[in-house]
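Undergrad:
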Amino acid sequence: MQEDDQQILIAGGGIGGLAAALACSRAGWAVQLVERAPAFGEVGAGIQMGPNVVRVLQGWGLEQALKQVAAFPDVLRVRSAANADELGSLRLGERTRALYGAPYATIHRADLHRVLLSAVVQQGSTALHVGQRLESFVDTGSGVQAQTADGLQLQGQALVGADGLWSSVRQQLLHDAPPRVTGHLAYRAMVPQSDLPAALRGQEVTVWLGPKLHVVQYPVRGGEWLNVVAIVEGAVADGGDVQDWDHATHTRDLQTALGNTCRPLQDLVAAIQTWRLWALCDRTPMAGAHEQAQGRVALLGDAAHPMRPYMAQGAGMALEDAACLQRVLAESGLPMAQRLQHYAQQRWQRNARVQARSIRNGRIFHATGLVRWGRDVSMRLLGERLLDVPWLYRG
Numbered sequence: 079m080q081e082d083d084q085q086i087l088i089a090g091g092g093i094g095g096l097a098a099a100l101a102c103s104r105a106g107w108a109v110q111l112v113e114r115a116p117a118f119g120e121v122g123a124g125i126q127m128g129p130n131v132v133r134v135l136q137g138w139g140l141e142q143a144l145k146q147v148a149a150f151p152d153v154l155r156v157r158s159a160a161n162a163d164e165l166g167s168l169r170l171g172e173r174t175r176a177l178y179g180a181p182y183a184t185i186h187r188a189d190l191h192r193v194l195l196s197a198v199v200q201q202g203s204t205a206l207h208v209g210q211r212l213e214s215f216v217d218t219g220s221g222v223q224a225q226t227a228d229g230l231q232l233q234g235q236a237l238v239g240a241d242g243l244w245s246s247v248r249q250q251l252l253h254d255a256p257p258r259v260t261g262h263l264a265y266r267a268m269v270p271q272s273d274l275p276a277a278l279r280g281q282e283v284t285v286w287l288g289p290k291l292h293v294v295q296y297p298v299r300g301g302e303w304l305n306v307v308a309i310v311e312g313a314v315a316d317g318g319d320v321q322d323w324d325h326a327t328h329t330r331d332l333q334t335a336l337g338n339t340c341r342p343l344q345d346l347v348a349a350i351q352t353w354r355l356w357a358l359c360d361r362t363p364m365a366g367a368h369e370q371a372q373g374r375v376a377l378l379g380d381a382a383h384p385m386r387p388y389m390a391q392g393a394g395m396a397l398e399d400a401a402c403l404q405r406v407l408a409e410s411g412l413p414m415a416q417r418l419q420h421y422a423q424q425r426w427q428r429n430a431r432v433q434a435r436s437i438r439n440g441r442i443f444h445a446t447g448l449v450r451w452g453r454d455v456s457m458r459l460l461g462e463r464l465l466d467v468p469w470l471y472r473g
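All letters in the sequence shown, in the order written, are residues 79 to 473 by our numbering.
(1) Just grab the DSSP bridge partners of D466 for me.
(2) Give the secondary structure of H420 by DSSP, where H, G and I count as helix, E and B as strand, and everything else as coil.
(3) Just reading off the alpha helix (DSSP H) that D454 is part of, what are its end residues?
(4) Rounding to the nearest angstrom, what Cα-Cα distance links G95 and Y471 in this structure?
(5) Which residues mark the beginning and the end of the beta strand (DSSP E) in which Q391 is found?
(6) Could I get the ranges of all uninterrupted beta strand (DSSP E) runs contained in the stretch 155 to 226, with 3 residues as the minimum, in chain order?
(7) Excluding sequence positions up to five away, which residues of its chain have a Cβ less than 7 Å from the Cβ of E81?
(8) How about the stretch 339 to 357 and the stretch 263 to 273: do they share at least three Cβ pairs that are nearer than 8 Å?
(9) Keeping to the same chain, check which residues put their C-beta closer than 8 Å to that of G119; ignore five residues upstream and five downstream.
(10) Just the C-alpha distance for P289 and R248, rounded to the nearest angstrom, thanks.
(11) Could you pull the start and end residues of the beta strand (DSSP E) that C359 belongs to?
(12) Find out if the Cβ-Cβ distance for the pair L377, A313 is shorter than 9 Å.
(13) Quick one: what's got a C-beta closer than 7 Å to I437's C-beta in the same chain, skipping five residues either side?
(14) On the criterion of 16 or more Cβ atoms from any shown chain inside 10 Å, does H368 qualify as buried, or is it exposed?
(15) Just to confirm before moving on: does the CB-CB distance between V109 and G90 stay below 9 Å?
(16) Using the Cβ count rule (16 or more neighbours within 10 Å means buried), how would you classify L304?
(17) Looking at the secondary structure, which residues open and close the alpha helix (DSSP H) in which V121 lies?
(18) Return the CA-CA distance between D228 and P468, expressed in angstroms with no decimal places.
(19) Mind reading off the beta-carbon distance from Q201 to R330? Whole number of angstroms is fine, and I expect it under 8 Å.
(20) Taking C-alpha atoms, which residue in H186, Q136, A160, Q210 lies nearest to R175?
(21) Measuring CB to CB, does V134 end up less than 9 Å from A401?
(22) Given this structure, state the Cα-to-Cα distance separating E302 from T446, to the nearest angstrom.
(23) Have a look at the DSSP bridge pairing and note the partners of W303.
(24) Find the nearest neighbour of Q235 within the set L464, L407, Q424, judged by alpha-carbon distance.
(25) Between the alpha carbons of G122 and H186, how many angstroms are there, rounded?
(26) Nearest CA to the CA of Q146: which residue from R299, L465, L418, G219?
(27) Taking contact to mean at least 3 C-beta pairs separated by less than 8 Å, is the stretch 144 to 162 in contact with the stretch 331 to 343?
(28) Do you know how far the Cα of L230 is from the Cα of D466?
(29) Determine the burial state of T334: buried for a count of at least 16 other Cβ atoms within 10 Å of its Cβ, exposed for fewer.
(30) Nearest by alpha-carbon distance to Y388: which of R441, Q427, Q416, L412 is it?
(31) How big is the Cα-Cα spacing for M79 and L332?
(32) Does the stretch 163 to 171 come into contact with the stretch 147 to 154, if we say contact requires no fewer than three beta-carbon pairs (one atom in each stretch) closer than 8 Å?
(33) Would you tell me roughly how many angstroms separate the C-alpha atoms of L140 and A276, rounded to the nearest one?
(34) Roughly how many angstroms separate the alpha carbons of S456 and L358, rounded to a whole number?
(35) T184 and G106 look like a contact to me (Cβ under 8 Å); what is the Cβ gap, rounded to whole Å?
(36) So, is A205 buried or exposed, given that buried needs 16 or more other C-beta atoms within 10 angstroms?
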């Protein structure tokens, strides 16, 4: 294989994989993408995107597409799950645009996935192979040869593993332990706001903090739907698959987990009929660039740095990874392994910092006793200064 064969292989067709495909194609490379699912799709959950993430999408010319499907809340408000008292707030909207050059957005994962898929197809240089699970690969030193479980053989100048938390590319590259179970469970639901009583509808990001639990709600789909996620401490039922993002559950299970929380929060949970459940898993924060790339194989998003959702940056870091990948692949005159080493060196420390801060935030969100009391007092006194994250949002 010659060095000028402009083709990149990508494993995974989720948000990270499609972002990687778009980034590679914008850098002038052809792409072969394999996705194990029989069709492209995403789970029915929302995500928050800070201005650091929205700037990436703006750089790819997707601002108008984003405006058609996302919501752009004006404020993030933190409340006590015990009594609904406001603990603090962070102005978003115009303030975020002025400080960081982009708004704060909330979006349905499936809508973001469709925006990226449409952009990849429009770019015209990506071959999409669905129903194909990458089984093995070999870094030959002059390229990468890969094969799927169905016998499809591919070759390219590099392989990007964007195949998620349980990445097979990572396993073959790093031979490390599987992800760890965090002991936290996420209940998620999405409902048309028109189906809710007026008092339960909202266009803000609201975070409810309680001992050993928290709940986040925010608008998606232009504000017409409400996404709700409740995270509690516990384990999936015996026999439950921790790799399954879509366990069935019941409203009463969540009500039991929430215990003696305030009436507005109980009313919101009771008003939603369908909930899904998954166990949160992660890895320890990255320890070096070798966890992001080796030779001609790079990892991206959850395959490299799965993180807990307490900074709302899991998808965001995948998009930042992709933007960085685009920059290094656009470099001319450098061997591929050196380009990917530049990618790893530029990304791993930031990803590790967000991973570590997410773990820390989870402890703060779920605090009990005196720590919880101190958190609430600090938030009431400092509010916006505690909730804003300039080092993250500036990139």
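Glycine included, every Cβ here is placed at the ideal spot set by N, Cα and C.
TA: Per the coordinate set shown:
(1) Along the sequence shown, read from residue 1 onward, the residue named residue 466 stands at position 388. BP columns for D466 are empty, so no partner.
(2) Residue numbering aside, residue 420 sits at position 342 when the sequence shown is read from its first letter. Judged by DSSP in its simplified three-state form, H420 adopts helix.
(3) Position 376 of the sequence shown, counting from 1, holds the residue named residue 454. D454 -> alpha helix (DSSP H) spans 447 to 460.
(4) As a first step, residue 95 is located in the sequence shown; it is residue number 17 there, counting from the start. As a first step, residue 471 is located in the sequence shown; it is residue number 393 there, counting from the start. Rounded to the nearest whole angstrom, the CA to CA distance from G95 to Y471 is 23 Å.
(5) One-based indexing of the sequence shown puts residue 391 at position 313. Following the DSSP letters along the chain, one finds Q391 in no beta strand (DSSP E), marked with neither H nor E.
(6) At a cut-off of 3 residues, the continuous stretches assigned as beta strand (DSSP E) that sit fully inside the stretch 155 to 226 are 164 to 169, 183 to 186, 204 to 208, 212 to 217, 222 to 226.
(7) Locating residue 81 in the sequence shown gives position 3, where the first residue counts as 1. Here E81 scores only 41 on pLDDT, less than 50, and its place in the model is too uncertain to base an answer on.
(8) Yes: at least three Cβ pairs fall under 8 Å.
(9) On the sequence shown, residue 119 is found 41 positions in, with the first residue counted as 1. Within its own chain, the residues whose Cβ lies closer than 8 Å to the Cβ of G119, once the five positions on either side in sequence are excluded, are A188, H191, listed in chain order.
(10) For this step, residue 289 is matched to residue 211 along the sequence shown. For this step, residue 248 is matched to residue 170 along the sequence shown. Their Cα atoms are separated by approximately 35 Å.
(11) To locate residue 359, count along the sequence shown from 1; it is residue 281. For C359, the enclosing beta strand (DSSP E) stretches over residues 354 to 360.
(12) Residue mapping note: residue 377 aligns to position 299 of the sequence shown, counting from 1. Residue mapping note: residue 313 aligns to position 235 of the sequence shown, counting from 1. Result no, Cβ atoms of L377 and A313 do not sit closer than 9 Å.
(13) As a position in the sequence shown, residue 437 is number 359, starting the count at 1. Answer for I437: R386, listed in chain order.
(14) Numbered from its first residue, the sequence shown carries residue 368 at position 290. Exposed, because fewer than 16 other Cβ atoms sit within 10 Å of the Cβ of H368.
(15) As a working mapping, residue 109 is identified with position 31 in the sequence shown. As a working mapping, residue 90 is identified with position 12 in the sequence shown. Taking 9 Å as the Cβ cut-off, V109 and G90 do not qualify as a contacting pair.
(16) Here residue 304 refers to the residue found at position 226 of the sequence shown. By the C-beta density criterion, L304 is buried, having at least 16 other C-beta atoms within 10 angstroms.
(17) Along the sequence shown, one-based indexing puts residue 121 at 43. That residue, V121, is in no alpha helix (DSSP H); it is neither H nor E in DSSP.
(18) Walking along the sequence shown from the start, residue 228 turns up at place 150. Walking along the sequence shown from the start, residue 468 turns up at place 390. Each residue's alpha carbon lies about 47 Å from the other.
(19) Mapped onto the sequence shown, residue 201 falls at position 123. Mapped onto the sequence shown, residue 330 falls at position 252. Contact doesn't hold; Cβ gap of about 47 Å is too wide.
(20) Counted from its first residue, the sequence shown places residue 175 at position 97. Taking only the C-alpha atoms, the option nearest R175 is Q136.
(21) By one-based count along the sequence shown, residue 134 stands at place 56. By one-based count along the sequence shown, residue 401 stands at place 323. For the 9 Å CB-CB criterion, V134 and A401 form a contact.
(22) In the sequence shown, counting from the first residue as 1, residue 302 sits at position 224. In the sequence shown, counting from the first residue as 1, residue 446 sits at position 368. Between E302 and T446, the C-alpha separation is close to 35 Å.
(23) To locate residue 303, count along the sequence shown from 1; it is residue 225. Answer is P270, V298, bridged to W303.
(24) The residue labelled residue 235 in the question sits at position 157 within the sequence shown. Nearest in C-alpha terms to Q235, of all of L464, L407, Q424, is L407.
(25) The residue you call residue 122 lines up with position 44 of the sequence shown. The residue you call residue 186 lines up with position 108 of the sequence shown. When rounded, the distance between both Cα atoms is 7 Å.
(26) As a position in the sequence shown, residue 146 is number 68, starting the count at 1. Among R299, L465, L418, G219, the Cα nearest to that of Q146 is on R299.
(27) Because the criterion of three Cβ pairs below 8 Å is met, the stretch 144 to 162 and the stretch 331 to 343 touch.
(28) The residue you call residue 466 lines up with position 388 of the sequence shown. The residue you call residue 230 lines up with position 152 of the sequence shown. For D466 and L230, the distance between alpha carbons rounds to 47 Å.
(29) Taking the first residue of the sequence shown as position 1, residue 334 is located at position 256. Exposed, since its Cβ has fewer than 16 Cβ neighbours within 10 Å.
(30) Residue 388 sits at position 310 when you count from the first residue of the sequence shown. The candidate whose alpha carbon is nearest that of Y388 is R441.
(31) If you number the sequence shown from 1, residue 79 lands on position 1. If you number the sequence shown from 1, residue 332 lands on position 254. The pLDDT assigned to M79 is 35, lower than 50, so where the model puts this residue is not dependable; a value taken from the coordinates is nonetheless given after this. So the alpha carbons of these two residues sit roughly 55 Å apart.
(32) With the cut-off at 8 Å, the stretch 163 to 171 and the stretch 147 to 154 touch.
(33) Start at 1 with the first residue of the sequence shown, and residue 140 comes out as number 62. Start at 1 with the first residue of the sequence shown, and residue 276 comes out as number 198. C-alpha separation (whole angstroms): 33 Å.
(34) Position 378 of the sequence shown, counted from the first residue, corresponds to residue 456. Position 280 of the sequence shown, counted from the first residue, corresponds to residue 358. Roughly 28 Å between the two C-alpha positions.
(35) Numbered from its first residue, the sequence shown carries residue 184 at position 106. Numbered from its first residue, the sequence shown carries residue 106 at position 28. Between T184 and G106 the beta-carbon gap is near 33 Å, outside 8 Å, which marks them as no contact.
(36) The count along the sequence shown starts at 1 and reaches residue 205 at position 127. By the Cβ neighbour-count rule, A205 is exposed, with fewer than 16 other Cβ atoms within 10 Å of its own.
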